[in-house]
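These notes are about the structure you will find just below.
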Amino acid sequence: MTEPQHHDIVVIGAGICGAAITNELLERGKDVCIIDAASSPATACSSHAYAIAHPHIGKGAPRLLRLTRIAFLLAEARWQDVWQQHGIFQPTKKDKAFDHAEVTNHLRSLGLDQDMAIAMDAQEAVKVCGIKQSGVWLPRGAGLNLPEASKRLLQDHERLTCLWSTRVERLETHGNRWHLLNASGQMIATANKVVVACAMEAKALMGTIGIRLPLRPVRGQLSIFKIKEDSEGSPWIEKLPKVGISGDGYCLPAERLDDVSYQWIVGSSFDEGEDDLAPREASDDFNRDQARSLLNYPEGNLRSLTKAGEFVGVRCVAGDRLPIIGALTQRPGIFLATALGSRGILWSALAAKLIAAQLLEDDFALLARFGFAADLVAALAPARFFAGAAPSALGALASNSKPIFPAESKAK
Ligand SMILES: Cc1cc2nc3c(=O)[nH]c(=O)nc-3n(C[C@H](O)[C@H](O)[C@H](O)COP(=O)(O)OP(=O)(O)OC[C@H]3O[C@@H](n4cnc5c(N)ncnc54)[C@H](O)[C@@H]3O)c2cc1C
Numbered sequence: 492m493t494e495p496q497h498h499d500i501v502v503i504g505a506g507i508c509g510a511a512i513t514n515e516l517l518e519r520g521k522d523v524c525i526i527d528a529a530s531s532p533a534t535a536c537s538s539h540a541y542a543i544a545h546p547h548i549g550k551g552a553p554r555l556l557r558l559t560r561i562a563f564l565l566a567e568a569r570w571q572d573v574w575q576q577h578g579i580f581q582p583t584k585k586d587k588a589f590d591h592a593e594v595t596n597h598l599r600s601l602g603l604d605q606d607m608a609i610a611m612d613a614q615e616a617v618k619v620c621g622i623k624q625s626g627v628w629l630p631r632g633a634g635l636n637l638p639e640a641s642k643r644l645l646q647d648h649e650r651l652t653c654l655w656s657t658r659v660e661r662l663e664t665h666g667n668r669w670h671l672l673n674a675s676g677q678m679i680a681t682a683n684k685v686v687v688a689c690a691m692e693a694k695a696l697m698g699t700i701g702i703r704l705p706l707r708p709v710r711g712q713l714s715i716f717k718i719k720e721d722s723e724g725s726p727w728i729e730k731l732p733k734v735g736i737s738g739d740g741y742c743l744p745a746e747r748l749d750d751v752s753y754q755w756i757v758g759s760s761f762d763e764g765e766d767d768l769a770p771r772e773a774s775d776d777f778n779r780d781q782a783r784s785l786l787n788y789p790e791g792n793l794r795s796l797t798k799a800g801e802f803v804g805v806r807c808v809a810g811d812r813l814p815i816i817g818a819l820t821q822r823p824g825i826f827l828a829t830a831l832g833s834r835g836i837l838w839s840a841l842a843a844k845l846i847a848a849q850l851l852e853d854d855f856a857l858l859a860r861f862g863f864a865a866d867l868v869a870a871l872a873p874a875r876f877f878a879g880a881a882p883s884a885l886g887a888l889a890s891n892s893k894p895i896f897p898a899e900s901k902a903k
């Protein structure tokens, strides 16, 4: 048998997360080996072609708000050429009154200026984006085809090695090296540094080195509806959005297929603890209800939304709903990037910068410029789940060795 290859850096998982991290490391001049159990990139949750991205603008969860703003800016910069900017409207929650001045102040307090987020009453919203509801217009909100984006990130490169159809079942440490083993105990490769970006399967893999990650699956189904004009027309067609909408569920702008029919993608179900990939009629019915709610069209006839396809995926979610991104300090040389939940676009862009900075022990300047501070590193760090990790110690993990970030901001 030939000797397994040794690599300085191995990334396990070629979904959008592993692909983005690999690409960042290649751009920084590093050699990288990426390994995936499948025969090509983005075959699991990142086979989702209809994902959307926008900064989070809700109330509460201040760290989440700061993180999504930074991550959105990074994502926009990373995917410029495949970024489908159509704008996203976020309607006011049905049980809330809309106060223009209050919403505007809230948006500014989040560091979102006019070109990122604009409060609108229903009349303004009709004029600007064709939606007769009050809310917030996010003109830079966009869609991304995750498989397309992942494949671009992993294009042929002289410093890139890809091992497809190769499942890493176990990790072992030997001196300063990590050994990656398959199900028969054979060595696949050895590495100095291993980035674990294999979503839910990170849980089992980390179990082999005595680390328990609090990860859970959340199944989701997105429905592709076809809406046809009949002899009496279709009242839905006049209401179909030309922009994305994000509220209880989300939808893409409707697309005209031919003279009489439209395609409209609406999602998604949120089935906690489930990982079954078979499509369900119940999930389509749930999405029909969401469609009605997104357009504030309670009297809409649900039978007019004919099913034409779907995407089913399993999100990987951590106990506290934030992603897990950072060095696993209990096991030097291991870096985690998992639990991207429903924000694969944002968190993969952030993971690319943060993992590269920690792994190469350099260049936090860019992240700091975006407002990324030590408390945010701590909020994402794997160590947050392990007893005895004091907040000050978490801050110091920022660069494994160098405390470069400004101190935690008082604004929470
Ligand atoms: C219905 C639904 C709607 C969503 N909508 C949005 C949205 O609008 N916007 C958004 O940003 N995100 C959205 N998401 C979330 C997004 O799809 C995910 O967060 C993202 O795809 C996760 O990427 P990943 O790279 O972490 O994981 P994955 O894409 O699952 O990739 C993991 C990879 O690891 C490989 N692997 C696993 N185990 C091993 C092993 N042991 N050895 C080697 N390889 C292994 C797998 O083959 C796979 O390729 C949605 C998800 C769902 C389900």
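Residue numbers for the sequence shown follow the working numbering, so the first one is 492 and each next one is one higher. The beta-carbon is built from N, C-alpha and C at its ideal position, and this holds for glycine as well. The structure presented is a predicted model; accordingly, all values stated were derived computationally and were not measured.
Quiz item: DSSP three-state call for Thr559: helix, strand or coil?
Solution: Here the question's residue 559 lines up with position 68 in the sequence shown. In this structure, Thr559 counts as helix in the three-state DSSP scheme.
Quiz item: Is any heavy atom of ligand 1 found at a distance shorter than 8 Å from the C-beta of Phe563?
Solution: For the purposes of this step, residue 563 is taken as the residue at position 72 of the sequence shown. No, ligand 1 has no heavy atom inside 8 Å of this Cβ.
Quiz prompt | Neighbourhood of Thr595 by C-beta distance below 6 Å, restricted to the same chain and skipping five residues each side | solution = Looking up residue 595 in the sequence shown gives position 104. Same-chain partners within the cutoff: Ala610.
Exercise. Kindly indicate which residue of Ile736, Ala870 and Phe777 has the alpha-carbon position closest to the one of Leu558.
Key: As a first step, residue 558 is located in the sequence shown; it is residue number 67 there, counting from the start. Minimum Cα distance to Leu558 is reached at Ala870.
Exercise. Can you have a look at Lys733 and say buried or exposed, based on whether 16 or more other CB atoms are within 10 angstroms of its CB?
Key: Translated into the one-based positions of the sequence shown, residue 733 becomes position 242. Exposed is the call here.
Quiz item: What did DSSP end up calling Ser839 once you bin it into helix, strand or coil?
Solution: As a position in the sequence shown, residue 839 is number 348, starting the count at 1. In this structure, Ser839 counts as helix in the three-state DSSP scheme.
Quiz prompt | Nearest candidate by alpha-carbon position, reference Tyr741, set Val757, Arg747 and Ser752 | solution = Along the sequence shown, one-based indexing puts residue 741 at 250. The candidate whose alpha carbon is nearest that of Tyr741 is Val757.
Exercise. Might you give, ordered along the chain, the residues of its own chain that have their beta carbon closer than 8 Å to the beta carbon of Leu654, omitting 5 neighbours on each side?
Key: Position 163 of the sequence shown, counted from the start, is the residue given in the question as residue 654. Counting only Cβ-Cβ distances below 8 Å, and skipping sequence neighbours, we find Cys524, Ile525, Ile526, Asp527, Ile679 and Ala680.
Quiz prompt | Sheet register partners of Ile524 (DSSP bridge) | solution = Working through the sequence shown from its first residue, we reach residue 524 at position 33. Per the sequence presented here, residue 524 reads as Cys, with Ile not at that position. Bridge partners of Cys524: Val501 and Thr652.
Exercise. Look at the alpha carbon of Ser600 and the alpha carbon of Leu565, and state the distance between them as a whole number of angstroms.
Key: As a first step, residue 600 must be located in the sequence shown, where it is residue number 109. As a first step, residue 565 must be located in the sequence shown, where it is residue number 74. Cα to Cα, the separation comes out at about 20 Å.
Quiz prompt | Residue range of the unbroken alpha helix (DSSP H) whose run includes Gln571 | solution = On the sequence shown, position 80 is the one that residue 571 refers to. Run containing Gln571: none; DSSP gives neither H nor E here.
Quiz prompt | Closest residue to Asp811 among Pro705, Met691, Lys694 and Ser833 (Cα-Cα distance) | solution = Sequence index remark: in the sequence shown, residue 811 carries index 320 (1-based). That would be Pro705, whose Cα lies nearest to the Cα of Asp811.
Self-check item: Limits of the alpha helix (DSSP H) - the one that Arg710 falls within
Solution: As a first step, residue 710 is located in the sequence shown; it is residue number 219 there, counting from the start. Segment Leu706 to Lys719 is the beta strand (DSSP E) holding Arg710; no alpha helix (DSSP H) there.
Quiz item: For the candidate residues Asn636, His547, Pro823 and Ala505, whose alpha-carbon lies nearest to that of Asn667?
Solution: By 1-based counting over the sequence shown, the position of residue 667 is 176. Of the listed residues, the one whose Cα sits closest to Asn667 is Pro823.
Practice problem: Let me know if Lys694 comes out buried or exposed under the rule of 16 or more other beta-carbons within 10 Å of its beta-carbon. | Solution: The count along the sequence shown starts at 1 and reaches residue 694 at position 203. Looking at its Cβ environment, which holds 16 or more other Cβ atoms inside 10 Å, Lys694 is buried.
Self-check item: Cβ-Cβ distance between Leu819 and Leu831 below 9 Å
Solution: Against the sequence shown, residue 819 aligns to sequence position 328. Against the sequence shown, residue 831 aligns to sequence position 340. No, Cβ-Cβ distance for Leu819 and Leu831 is not below 9 Å.
Practice problem: Pick helix, strand or coil for His539, following the three-state DSSP scheme. | Solution: By one-based count along the sequence shown, residue 539 stands at place 48. Here DSSP, grouped into helix, strand and coil, assigns His539 to coil.
Self-check item: Cβ shell of Ile715 (< 7 Å), same chain only, five flanking positions each side left out
Solution: Here residue 715 corresponds to residue number 224 of the sequence shown, with the count starting at 1. Only Gln754, Ile756, Ala799, Gly800 and Glu801 meet the Cβ criterion.
Self-check item: Euclidean distance between Cα positions of Ser737 and Trp669
Solution: Taking the sequence shown and counting its residues from 1, the one referred to as residue 737 is at position 246. Taking the sequence shown and counting its residues from 1, the one referred to as residue 669 is at position 178. In a straight line, the C-alpha of Ser737 is about 43 Å away from that of Trp669.
Quiz prompt | Outcome for Glu790 when other beta-carbon atoms lying within 10 angstroms are tallied against a minimum of 16 | solution = Numbered from its first residue, the sequence shown carries residue 790 at position 299. Exposed.
Self-check item: 8 Å CB neighbourhood of Arg783 in its chain, flanking five on each side removed
Solution: Here residue 783 is taken as the residue at index 292 of the sequence shown, counted from 1. Excluding the 5 residues flanking it on each side, Arg783 has same chain C-beta neighbours closer than 8 Å at Pro789, Gly791 and Leu793, in chain order.
Quiz item: Rounded to the nearest angstrom, how far is the Cβ of Val808 from that of Arg875, given a contact under 8 Å?
Solution: As a working mapping, residue 808 is identified with position 317 in the sequence shown. As a working mapping, residue 875 is identified with position 384 in the sequence shown. Going by Cβ atoms, the distance from Val808 to Arg875 rounds to 15 Å, so no, they are not a contact pair.
Practice problem: Check whether the Cβ of Ile543 sits closer than 8 Å to any heavy atom of ligand 1, and report yes or no. | Solution: The residue you call residue 543 lines up with position 52 of the sequence shown. Yes, ligand 1 has a heavy atom inside 8 Å of this Cβ.
Quiz item: Which one of Gln614, Pro770, Val803 and Val685 has the shortest CA to CA distance from Phe589?
Solution: Locating residue 589 in the sequence shown gives position 98, where the first residue counts as 1. For the residues Gln614, Pro770, Val803 and Val685, the minimum Cα distance to Phe589 belongs to Gln614.
Practice problem: Consider the C-beta atom of Trp574 and the heavy atoms of ligand 1; say whether any pair is separated by less than 8 Å. | Solution: In the sequence shown, counting from the first residue as 1, residue 574 sits at position 83. No.
Quiz prompt | Exposure label - His497; buried when at least 16 CB within 10 Å | solution = The count along the sequence shown starts at 1 and reaches residue 497 at position 6. So His497 ends up on the exposed side.
Exercise. Would you mind working out which of Leu837, Ser774, Asp775 and Ser725 sits nearest Gln752, comparing C-alpha positions?
Key: Mapped onto the sequence shown, residue 752 falls at position 261. Reading the sequence as shown, one finds Ser at residue 752 and not Gln. That would be Ser725, whose Cα lies nearest to the Cα of Ser752.
Quiz prompt | Any non-hydrogen atom of ligand 1 closer than 8 Å to Leu635 Cβ | solution = Within the sequence shown, residue 635 is the residue found at index 144, counting from 1. Answer for Leu635: yes, Cβ within range of ligand 1.
Quiz item: So does Cys536 have its beta carbon nearer than 8 Å to some heavy atom of ligand 1?
Solution: Position 45 of the sequence shown, counted from the start, is the residue given in the question as residue 536. At least one heavy atom of ligand 1 is nearer than 8 Å to the Cβ of Cys536, so yes.
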